[in-house]
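Notes to accompany the following structure.
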Amino acid sequence: MRDALIRVLIVSAPVILVAMIVGLIISIFQATTQIQEQTLSFVPKLAAIFITLIIAGNFMINILLEFTRHIFRMISNL
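Residues 452 to 529 (the numbering used here) are what the sequence shown spells out, left to right.
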């Protein structure tokens, strides 16, 4: 159980960090320019998350596949 939670954190960390950083940058930009448009925040975050998934997707899938194989090996040993 603990191993599963750690892997979920490792897999989700890149996407969450990118979304937080882009959100912070957009918020600072909106505060300095006094533009309060919701789509200005949503579209760049969505694009950054999509690019992050493309770049780090292989890493994420490999971690999840490794864990799935480990679980199936544990089940077969029961």
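Each residue gets a CB set at the ideal place from its N, CA and C atoms; glycine is no exception. Note that the coordinates shown come from a computational prediction; the quantities given were computed from them, not determined experimentally.
query: Own chain residues within Cβ distance below 7 Å of PRO465, not counting five before or after; result: THR503 and ALA507
query: Spatial distance of LEU529 from ILE514 (CA atoms); result: 23 Å
query: C-alpha gap between GLU488 and ARG524, whole angstroms; result: 51 Å
query: Assumed close pair ILE500, ALA470 - CB separation to whole angstroms, cut-off 8 Å; result: 6 Å
query: Separation of LEU516 from THR440, as counted between CA atoms; result: In the structure as shown, the chain begins at 452 and stops at 529. Residue 440 is therefore absent and cannot be evaluated.
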